[in-house]
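S.K.: Take any residue in the sequence shown, note its place counting from 1, add 744, and you have its number in this note's numbering. Please read through the structure below; I'll follow up with questions.
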Amino acid sequence: MKIDAVELRVLKMRLLKPFRTSFGVQQDRYPLLVRLEIDGRSHWGECVAGEGPWYSYETVETAWQILKGYLLPAMIGRELADVAALETLFAPIRGHHMAKACLEMAFTAALAERARKPLAKFLGGVRDRVETGVSIGIQATTDELLEH
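What follows is the structure, encoded as structure tokens:
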């Protein structure tokens with residue numbers, strides 16, 4: 745499978761309510777998205793890095809630079825059979841797991857589509873539902889906490 749084109753985008757998403765953590769208060773989120781075009785089809789991945797280096801050394805800005813300068817040039821135009829081939833290409837680049845995962849997500853979505861399987865089944869999933877939680881951040885009072 746060969747990647748024909750790539751697009752990077754940073755979106756701005758206003759949060760419904762300010763999100764408070766020990767690092768500060770966040771009003772907006774800036775997700776970094778990658779679109780891989782393979783055989784005329786688009787496949788998306790998201791980099792989960794934050795805006796600043798408080799949680800991790802990876803940030804939206806550093807991930808963008810690593811993607812543009814190192815990871816994407818390593819993979820564009822190459823024939824890649826599976827995620828292991830991608831991991832081999834990325835091995836010389838230390839760290840930057842969030843940036844790498846962004847591309848792995850999009851590439852895995854392409855592999856699943858090519859195999860004509862839902863992504864969950866392609867990854868070996870057996871459930872039709874996934875339990876999730878919610879992150880509500882730090883609240884000023886117990887009443888506010890319980891309200892969420």
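Ideal Cβ positions, reconstructed from N, Cα and C, are used throughout, including at glycine. Here the structure is a predicted model, which means the values were calculated and not measured.
Between the C-alpha atoms of L890 and E875, what's the straight-line distance to the nearest angstrom?
M.R.: 21 Å
S.K.: Check each candidate in A853, I837 and E751 and name the one with the smallest Cα separation from H787.
M.R.: Ranking A853, I837 and E751 by Cα distance to H787 puts A853 first.
S.K.: Return helix, strand or coil for D887, following the three-state DSSP convention.
M.R.: helix
S.K.: Measuring only the C-alpha atoms, how far is T886 from R773?
M.R.: 26 Å
S.K.: For P836 and A818, I'd like the C-alpha separation in whole angstroms.
M.R.: 10 Å
S.K.: Here's a check: name, in chain order, each residue in its chain whose Cβ is nearer than 6 Å to the Cβ of M849, leaving out the five neighbours to either side.
M.R.: G789
S.K.: Considering only C-alpha positions, which residue in the set A828, L833 and I810 is nearest to G821?
M.R.: L833
S.K.: Of the residues Q771, R764 and F767, which one's Cα is nearest the Cα of K756?
M.R.: Comparing Cα-Cα distances from K756 to each of Q771, R764 and F767, the minimum goes to Q771.
S.K.: Measuring alpha carbon to alpha carbon, tell me which of V778, G784, F866 and L855 ends up nearest A688.
M.R.: Because the chain is modelled from 745 through 892, residue 688 falls outside the range shown and cannot be assessed.
S.K.: V750 and L816 - do their beta-carbons sit closer together than 8 Å?
M.R.: A contact, by the Cβ cut-off of 8 Å.
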